[in-house]
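Below you'll find the structure, written out as structure tokens, and then a few comments.
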Amino acid sequence: MKALHTLIAGAIVFALAAPLAFAQDGKPAKKLYCWNEGGRKVCGDALPAHAVDSARTEISAKSGLATGQVDRALTPEERVAAQQAERAARSAAMAEEARKRRDHAMAESYATEQDLRNSFQERIVLLDETVKASQLGIEGRRQTLLSLLRKAGEAELSSKPVGKVLADNIRNQHDELLHQQATLKQQQLERSTADQDLASALERYNTIKAAKPGRG
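Okay, so the sequence shown: first residue is 34 according to the working numbering, each after it adds one.
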């Protein structure tokens, strides 16, 4: 019985509170609108079509108090910028979440700091060996290209045409040399950042380990 009285009392409170947003005839309470137009403030009980996209304040006609604030509509350029900012924020959030997962996996994968150092050292050694191999390959490719160019030069000095096979071979060797040089630059960049990556990983690793419960 007590629960029923509580339910009825709650219903009465809701019924009394609901009409606050409505007039006595049950229709929505009348509003006034104020917006800037030509550098001056304009107010009215109806919003003209040309002011629909303007920033405005909505005021209760009954109490005279502001009940809401509506920002102006964005321009097409602003909408594009807002969408780009939203996408950038989502990408940043996803990247941060991925970093946290990697950090968690790193903390779980390596029992000690030395284990992490050893893992990075293996990567550094591999990068060093890869750079050396690429440098040797480039030097060999350069010598091959120089030899072909000498043959072409000798043919021209002897007033003989440079054969198609030789010309195609020179072009192929040159293109491959450029490709190998670009690959070497990327490998050298990865190697140059490896030490910095290790320092950053160690910092994150020690921070995560220190934050784990049970550590003194």
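No residue lacks a Cβ here, since even glycine has one placed at the ideal position from N, Cα and C.
Bear in mind that the values here come from a model prediction, so they are computed numbers and not experimental data.
Around the C-beta of residue i, are 16 or more other C-beta atoms found within 10 angstroms, so that it is buried, or is it exposed?
i: R123; result: exposed
i: R89; result: buried
i: A166; result: exposed
i: L149; result: buried
i: G234; result: The question names Gly, but residue 234 in the sequence shown is Ala. With 16 or more other Cβ atoms within 10 Å, it is buried.
So residue i and residue j are supposed to be a Cβ contact under 8 Å. How far apart are they, rounded?
i: L181; j: I203; result: 5 Å
i: Y238; j: E146; result: 6 Å
i: D86; j: A106; result: 4 Å
i: T64; j: I92; result: Before going on, a small fix: residue 64 reads as Lys here, not Thr. Rounded, the Cβ-Cβ distance is 7 Å, consistent with contact.
i: A185; j: P194; result: About 10 Å; that fails the 8 Å criterion.
i: R112; j: V164; result: 48 Å between Cβ atoms; not a contact.
i: L209; j: R174; result: First, the amino acid is wrong: residue 209 is Glu here, not Leu. About 6 Å separates the two Cβ atoms, so the contact holds.
Residue range of the beta strand (DSSP E) that residue i falls in?
i: V75; result: R73 to G77
i: K242; result: K242 -> not in any beta strand (DSSP E); alpha helix (DSSP H) instead, spanning K197 to A244.
i: L65; result: K64 to E70
i: T108; result: Premise fails: T108 is in no beta strand (DSSP E) and is neither H nor E.
i: G101; result: A99 to V103
Got a sec, what are the start and stop residues for the alpha helix (DSSP H) residue i sits in?
i: G186; result: E146 to L190
i: V85; result: Neither: V85 is in no alpha helix (DSSP H) and is coded neither H nor E.
Rounded to whole angstroms, what is the Cα-Cα separation between residue i and residue j?
i: A144; j: L169; result: 38 Å
i: Q221; j: Q214; result: 10 Å
i: F55; j: L80; result: Annotation note: pLDDT 48 at F55 (below 50); position unreliable, coordinate value reported separately. So the alpha carbons of these two residues sit roughly 19 Å apart.
i: A232; j: A243; result: 17 Å
i: E236; j: E130; result: 18 Å
i: C67; j: A121; result: 35 Å
i: A200; j: L211; result: 17 Å
i: A128; j: A138; result: 15 Å
i: N69; j: A125; result: 37 Å
i: A140; j: Q116; result: 36 Å
i: G196; j: I171; result: 25 Å
i: E110; j: L160; result: 46 Å
i: D230; j: I241; result: 16 Å
i: Q102; j: A118; result: 24 Å
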